[in-house]
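A.B. asks:
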Amino acid sequence: MTTNYSVDVFLRTLDERFDVFKRNLEALLQALAGNKPDQKLAAATQALTAADDLERSLSSHDQPPWLGPILVSLKSNVKRVNDETRSYQLARALALEYARIQDHKWSFAEEEDTGFDFDGLYESFREQSRVPELFDILIGALEKIAANQDIDSRRVVQALEKLIQSLKRNRRGSYFAT
């Protein structure tokens, strides 16, 4: 698990919804193998509800590639109650995606936070005799952050202002003076 409580809650919720979806999918496959149209429709409706819940839990970017075709097939099946080929069409769609669904693992890997190489940045500006410009850029960025109305912590703003003053005082000094 991650170290972020909100992410952990989301992943647990997603896992629960995925488990419900897979259980409903199994029940649907059993119903499709039978001869009772009412059970087939009820199972397809439950699977559709579970698939919809799963879809709503994810941004379109994060939805697995099998979810769209399954949703289309389930919706089509539920709408076409009088079509005798609907069970076959749904079974065919499920067969095409079943292995990918069962093998699916949720992975929302975070990009590694590499930060930035301040030493390299400083050296690059120093070699070009542009250290004051580097400090001006840093000061400008910090001033924009401090002026941002979205920051509601006075202590954060005060710390930023203190850092800005330190940078202004030492912008013509050496790297180690800051």
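Quick note on the numbering used here: the sequence shown kicks off at 3 and runs consecutively.
Quick reminder that beta carbons are idealized off the backbone N, C-alpha and C, glycines included.
Because the structure is a prediction, the values reported are computed rather than measured.
1) Taking K81 as the reference, which of R58, L98, T47 and A97 has the closest Cα?
2) Using the three-state DSSP reduction, which class does I80 fall into: helix, strand or coil?
3) From this set, V158, L169 and R157, which residue's C-alpha is nearest G142's C-alpha?
4) Have a look at V22 and A149 and give me their C-alpha separation to the nearest angstrom.
5) How far does the alpha helix (DSSP H) with L123 in it extend, from its first residue to its last?
6) Within its chain, find whatever has a CB closer than 6 Å to the CB of S59; leave out the 5 residues flanking it on each side and keep chain order.
7) Would you mind giving the Cβ-Cβ distance between L162 and I147, rounded to the nearest angstrom? I have them listed as a contact below 8 Å.
8) How far does the alpha helix (DSSP H) with L60 in it extend, from its first residue to its last?
9) Are A76 and L56 close, meaning C-beta to C-beta below 8 Å?
10) S89 lies in the alpha helix (DSSP H); which residues open and close that run?
11) Excluding sequence positions up to five away, which residues of its chain have a Cβ less than 6 Å from the Cβ of T180?
12) Is any heavy atom of the ligand FAD found at a distance shorter than 7 Å from the C-beta of D105?
13) Below 8 Å between beta carbons: does that hold for L144 and L165?
14) Are N26 and A44 close, meaning C-beta to C-beta below 8 Å?
15) Assuming I72 and A97 make a contact with CB atoms under 8 Å, what is their CB distance in whole Å?
16) Smallest Cα separation from D105: which of S61, Q41, V133 and P66?
C.D. replies: According to the data block:
1) Translated into positions along the sequence shown, residue 81 becomes position 79. The shortest Cα separation from K81 among R58, L98, T47 and A97 belongs to T47.
2) Translated into the one-based positions of the sequence shown, residue 80 becomes position 78. This sequence places Val at residue 80; Ile is not what is there. Note: V80 maps to helix in three-state DSSP.
3) Position 140 of the sequence shown, counting from 1, holds the residue named residue 142. Ranking the options by Cα distance to G142, first place goes to L169.
4) Counting from 1 along the sequence shown, the entry for residue 22 is found at position 20. Counting from 1 along the sequence shown, the entry for residue 149 is found at position 147. So the two alpha carbons sit approximately 48 Å from each other.
5) The count along the sequence shown starts at 1 and reaches residue 123 at position 121. From DSSP, the alpha helix (DSSP H) with L123 extends over F120 to E129.
6) Along the sequence shown, read from residue 1 onward, the residue named residue 59 stands at position 57. Same-chain partners within the cutoff: L16 and R19.
7) Reading the sequence shown from its first residue, position 160 is the one you call residue 162. Reading the sequence shown from its first residue, position 145 is the one you call residue 147. Correct: roughly 6 Å between the Cβ atoms.
8) Taking the first residue of the sequence shown as position 1, residue 60 is located at position 58. Here L60 belongs to no alpha helix (DSSP H), and DSSP marks it neither H nor E.
9) The sequence position of residue 76 within the sequence shown is 74, counting from 1. The sequence position of residue 56 within the sequence shown is 54, counting from 1. This sequence places Leu at residue 76; Ala is not what is there. Going by C-beta atoms, L76 is not nearer than 8 Å to L56.
10) The residue you call residue 89 lines up with position 87 of the sequence shown. First-last of the alpha helix (DSSP H) with S89: R88 to D105.
11) Counting from one through the sequence shown, the residue named residue 180 turns up at place 178. Unreliable placement is indicated for T180, whose pLDDT of 46 sits below 50; the coordinate value is still reported in the next sentence. The answer, listed in chain order, is N172.
12) Absence of the ligand FAD is noted for the structure shown, with no ligands found whatsoever.
13) For the purposes of this step, residue 144 is taken as the residue at position 142 of the sequence shown. For the purposes of this step, residue 165 is taken as the residue at position 163 of the sequence shown. It is a contact, given that the beta carbons lie within the stated cut-off.
14) Position 24 of the sequence shown, counting from 1, holds the residue named residue 26. Position 42 of the sequence shown, counting from 1, holds the residue named residue 44. Not in contact: N26 and A44 (Cβ atoms no closer than 8 Å).
15) Here the question's residue 72 lines up with position 70 in the sequence shown. Here the question's residue 97 lines up with position 95 in the sequence shown. With a Cβ gap of about 11 Å, I72 and A97 do not count as contacting.
16) By one-based count along the sequence shown, residue 105 stands at place 103. Ranking the options by Cα distance to D105, first place goes to P66.
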